[in-house]
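Under the working numbering, the first residue of the first sequence carries the number 180, and numbering increases by one thereafter. Beta carbons: idealized from backbone N, C-alpha and C, even for Gly. Notes follow the structure.
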Amino acid sequence: MTDPKRYLITSALPYANGPKHIGHLAGAYLPADIYVRYLRALKKDVLYVCGSDEHGAAITMQALKEKTTPQAIVDKYHAMLKSNMADLGISFDIYHRTSSPIHHETAQEFFTMLNDNGDLEQKESEQFFDEEAQSFLADRYITGTCPICGYVGAFGDQCEKCGTSLSPEQLVNPRSTLSGITPIKKVTTHWYLPLNKHEAFLRQWILEDHKEDWKVNVVGQCKGWIEMGLQPRAVTRDLDWGIKVPRQDAEGKVLYVWFDAPIGYISATKQWAIDNDKDWKPYWYNADTKLVHFIGKDNIVFHAIIFPVMLKLHGNILPDNVPSNEFMNLEGDKMSTSRGWSIEMEDYINDFVKKENGGDQMVDALRYYLTAIAPETKDSEFTWKGFQDAVNSELVAVFGNFINRAFVLMHKLCGGKVPKFHNEIMDDADKQMLEEIKITKQKIAQNIEVYKFRDALAEVIDLARKGNKYMQDKEPWIVAKKVSPNPSEGGEYDPNAQNIIDNCLHICLQLTANLAIFINPFLPNAARRLCVMMKTVDKMLDWENAGSAKLLSVGYSLRPPELLFKKIEDSEVSEQVEKLKIKSEAIKMENSKKDGGQQKTDETSKINGDTKVSEAQVPPLEKFREAIKSEIQFDDFAKIDLKVGTILSAEKVAKADKLLKLEIDLGFEKRTVVSGIALHFSPEDILGKQVVVVANLAPRKMRGIESNGMILMAEDAEGKLKFVAPDAVVNNGSGVS
RNA sequence: GUCGGGGUAGCUCAGCUGGUUAGAGCAUCGGAUUCAUAACCCGAAGGUCGGCAGUUCAAGUCUGCUUCCCGAUACCA
């Protein structure tokens with residue numbers, strides 16, 4: 180977008196079910212903050228919103244775990260996240276929360292408008308239901324044995340042990356975490372967002388309009404989704420923690436957390452407008468607003484496909500870009516709070532920022548390293564040694580040291596004042612140095628504008644490096660010997676000596692002021708402290724001032740230098756590495772204790788003989804009982820049109836290991852039916868077989884092939900499939916009832 | 001399984017439409033220097049560009065296959 184009137188910047192809403200680590204910080208918050216601080220320095224109209232995502236089943240799970248209420252959980256973690264972000268200099272204009280009334284209203288209005296406009300669909304589906312607790316169960320609320328690795332505590336959506344993503348149906352011996360009983364399946368009604376209806380729009384908008392300016396991983400993943408065929412997505416759930424679906428016929432239903440969370444950006448904007456007596460609407464409705472969502476790679480489809488469809492249907496503007504970062508690993512392994520292999524923002528703040536030897540500069544140290552290794556194009560890795568090296572030999576030795584030596588020399592050789600610049604003896608090195616400042620300004624701006632913060636920061640350090648070299652070449656400390664030579668050393672007086680020194684330090688100081696402007700979006704604390712040292716106002720940090728060689732007035736006396744950053748000691752990093760190991764070991768022990776407990780019950784049941792059924796075993800009859808669905812009327816059954824047909828041809832569907840494409844002769848017509856039986860039958864085995872087909876089933880696309888009907892199959896206890904068919908050949912097209 | 005991204009010097013990463021001896025910072029080693037947080041500055045050494053095949057006068061860069069890491073995920077009506 181060229182020259183937007185205002186900017187609306189968002190960072191992914193952190194989920195308030197626990198502390199968040201520095202990988203999150205590096206992925207979605209720090210880059211956004213740098214961008215926002217840069218825009219503010221440009222004096223743009225920019226609003227930066229974020230907040231805690233406080234709904235969803237994982238919150239209620241955490242409440243069970245901590246033996247408290249969901250509200251208590253979100254209150255606790257919202258407060259923690261909010262203060263952590265503030266402590267680390269993430270400068271939200273508002274950090275809001277989705278449990279607030281204004282968010283509930285906003286999300287409900289959003290749903291109502293889409294529903295009233297006919298943009299949502301209502302469909303029935305079967306969900307697991309806990310009869311004892313009288314409650315539908317989110318996938319997370321069902322535990323059982325993982326069919327892949329046999330882990331006893333797998334969840335309905337994922338096995339934490341082997342990492343496989345699961346559906347609750349796949350669990351062996353599923354149990355409700357609410358009551359412990361085996362859940363049954365029950366029909367429920369939900370609202371869906373028919374993404375499939377917006378394929379043409381998404382193709383144009385993402386694959387054409389943004390194929391150049393969006394990151395390859397974002398466009399690539401969206402392309403994959405679109406090509407795969409978009410499916411309607413449920414926007415409601417049966418749960419009691421969340422935003423009530425604003426309809427009388429939706430008792431006990433809430434908006435699905437993914438639907439309500441991104442609307443949090445809008446409600447946060449509204450709250451900000453109220454607090455600041457502003458109008459929120461232009462930020463979400465005017466086409467001259469540039470909306471940018473900063474996210475991690477796990478969030479791409481929500482922010483690039485689903486939320487934009489919602490926004491479009493609701494009449495809002497669309498994001499101009501969705502800069503998504505990859506992930507940051509830690510000391511050779513994935514960062515994970517639950518496994519204890521992480522550096523929580525909270526912990527870093529306690530260990531470095533709050534200690535007497537830490538403070539703001541340690542915020543900047545972290546911001547420096549996280550930006551320098553930001554996972555912009557691929558996963559990156561945080562190591563404590565890397566942190567120490569980056570801080571000590573780049574931030575301290577190059578940047579901090581340049582500024583320190585400029586200040587020290589100025590105090591020693593120029594009386595603590597900004598020296599005069601003598602144009603008449605200006606040389607090429609001086610010109611070159613001044614020119615470099617301007618070039619660097621351009622490079623930084625160009626990089627930030629395309630979200631390359633790592634490169635932008637490297638430019639700042641590189642400019643300081645050039646400053647060091649310039650000073651080295653000019654060596655004013657040598658020239659100083661010619662100002663007041665010591666005859667015993669054979670020094671010679673040079674009337675020009677002081678002027679040479681003045682020019683060098685004049686340029687070094689102007690460069691220092693420029694460095695303050697350049698470093699400001701990245702390391703705001705350092706920039707502020709530089710302003711104090713130079714006795715300038717914060718306004719000097721406005722971006723338009725960058726490139727100027729007149730930021731500090733001649734004759735102006737400056738404060739004595741103060742070290743901007745301290746070196747990080749070996750002991751500090753080794754302590755952290757040790758701490759990390761201890762933390763993850765402790766959690767591993769705890770988990771294996773749990774495992775051990777479960778295995779013990781297994782063993783006990785074996786020792787007791789076969790009279791007791793072990794938890795890990797599948798009770799087959801029980802399994803069939805579960806499968807009994809809720810009662811229907813004859814009319815419901817009569818709606819189903821069953822016909823006998825013969826399989827004329829069968830072929831494997833490309834890129835699908837379970838699907839067969841079948842031609843079926845129904846007597847009066849031939850049908851294409853796609854059936855998921857490829858693992859049980861090979862195409863040639865089933866040619867000519869008679870089958871029972873649901874003839875009036877709505878067509879459905881699978882792998883791009885439209886399936887018109889479904890074939891009835893029987894499944895035995897081992898999951899083997901058998902055809903349901905007449906026991907003697909009948910005419911194709913015969914009815915079944 | 002499928003889709004997407006990625007595997008380039010010890011480490012963190014650049015390398016646009018294929019073109020002379022593959023780049024940067026850090027780490028390492030050597031030199032110079034002392035204004036500076038034993039900092040800076042100069043120089044050297046470091047890579048069969050995950051593997052195999054192919055296209056081409058020429059491939060890190062294109063094609064196919066293969067392997068490893070990360071993310072997203074079906075379908076099974």
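{"query": "Per DSSP, what are the beta-bridge partners of residue 259 in this structure?", "result": "Residue 259 is not bridged to any residue."}
{"query": "Whole beta strand (DSSP E) runs in the segment 284-354 with 3 or more residues, listed along the chain?", "result": "300-309 and 321-324"}
{"query": "Bridge partners for residue 232 per DSSP, in chain order?", "result": "194"}
{"query": "Using only CA atoms, which one of 262, 280 and 359 lies nearest to residue 310?", "result": "359"}
{"query": "Can we say the segment 714-723 touches the segment 673-685, given the rule of at least three CB pairs closer than 8 Å?", "result": "no"}
{"query": "So, is residue 512 buried or exposed, given that buried needs 16 or more other C-beta atoms within 10 angstroms?", "result": "exposed"}
{"query": "Using the C-alpha atoms, what's the distance from residue 191 back to residue 389?", "result": "21 Å"}
{"query": "In the DSSP assignment, find the unbroken beta strand (DSSP E) run with residue 601 in it and report its ends.", "result": "Unbroken run through residue 601: none, as it is neither H nor E."}
{"query": "So residue 411 and residue 300 are supposed to be a Cβ contact under 8 Å. How far apart are they, rounded?", "result": "6 Å"}
{"query": "For residue 475, which of helix, strand or coil comes out of DSSP?", "result": "strand"}
{"query": "Within 10 Å of its beta-carbon, does residue 867 have 16 or more other beta-carbons around it, so buried, or fewer, so exposed?", "result": "exposed"}
{"query": "Should residue 711 be labelled buried (16 or more other beta-carbon atoms within 10 Å of its own) or exposed?", "result": "exposed"}
{"query": "Compare the C-alpha of residue 549 against each of 738, 283, 634 and 476 and name the closest.", "result": "634"}
{"query": "Is the beta carbon of residue 231 sitting closer than 7 Å to the one on residue 276?", "result": "yes"}
{"query": "For a test of the three-state rule: what should DSSP assign to residue 909, helix, strand or coil?", "result": "coil"}
{"query": "Terminal residues of the continuous alpha helix (DSSP H) containing residue 455?", "result": "436-455"}
{"query": "Locate the beta strand (DSSP E) running through residue 415, then write down its first and last residues.", "result": "415-417"}
{"query": "If you scan the segment 470-521 from start to end, which runs of the beta strand (DSSP E) of 3 or more residues do you find wholly inside it?", "result": "507-509"}
{"query": "Please identify the residue among 579, 736 and 642 whose C-alpha is closest to the C-alpha of residue 690.", "result": "642"}
{"query": "Using CA coordinates, which residue listed in 516, 443 and 469 is at the minimum distance from residue 197?", "result": "516"}
{"query": "So, at 6 Å on beta carbons, what are the nonlocal neighbours of residue 229 in its own chain, with the 5 sequence-adjacent residues on each side left out?", "result": "190, 271 and 274"}
{"query": "Note down the Cα distance separating residue 901 from residue 400, rounded to an integer number of angstroms.", "result": "38 Å"}
{"query": "How many Å lie between residue 908 and residue 873 at the Cα?", "result": "18 Å"}
{"query": "Is residue 392 buried or exposed, if buried means 16 or more other CB atoms sit within 10 Å of its CB?", "result": "exposed"}
{"query": "Let me know the secondary structure DSSP gives residue 422 once reduced to three states.", "result": "coil"}
{"query": "Of the residues 533, 297 and 233, which one's Cα is nearest the Cα of residue 420?", "result": "233"}
{"query": "For a quick check, are the C-beta atoms of residue 269 and residue 471 less than 7 Å apart?", "result": "no"}
{"query": "Excluding sequence positions up to five away, which residues of its chain have a Cβ less than 8 Å from the Cβ of residue 637?", "result": "551"}
{"query": "Which word fits residue 533, buried or exposed, when buried means at least 16 other C-beta atoms lie within 10 angstroms of its C-beta?", "result": "exposed"}
{"query": "Quick one: measure Cβ to Cβ for residue 200 and residue 522, integer angstroms, because I've assumed they're closer than 8 Å.", "result": "6 Å"}
{"query": "For residue 752, which residues in the same chain have their Cβ closer than 8 Å to its Cβ, ignoring the five residues on either side in sequence?", "result": "563, 564, 566 and 567"}
{"query": "Look at residue 449 and residue 281 and say whether their C-beta atoms are less than 7 Å apart.", "result": "yes"}
{"query": "Check whether the Cβ atoms of residue 368 and residue 303 lie closer than 7 Å to each other.", "result": "yes"}
{"query": "For the ligand ADP, I want to know if residue 821 counts as a neighbour, meaning its beta carbon is within less than 6 Å of at least one of the ligand's heavy atoms.", "result": "Looking at this structure, you won't find the ligand ADP or any other ligand, since it has none at all."}
{"query": "For residue 803, does the three-state DSSP call read helix, strand or coil?", "result": "Residue placement at residue 803 is flagged as unreliable, the pLDDT there being 32, under the threshold of 50; the coordinate-derived value follows with that caveat. Of the three classes helix, strand and coil, the one that applies to residue 803 here is helix, per DSSP."}
{"query": "Exposed or buried, what is residue 249 when buried is set at 16 or more other beta-carbons lying within 10 Å of its beta-carbon?", "result": "buried"}
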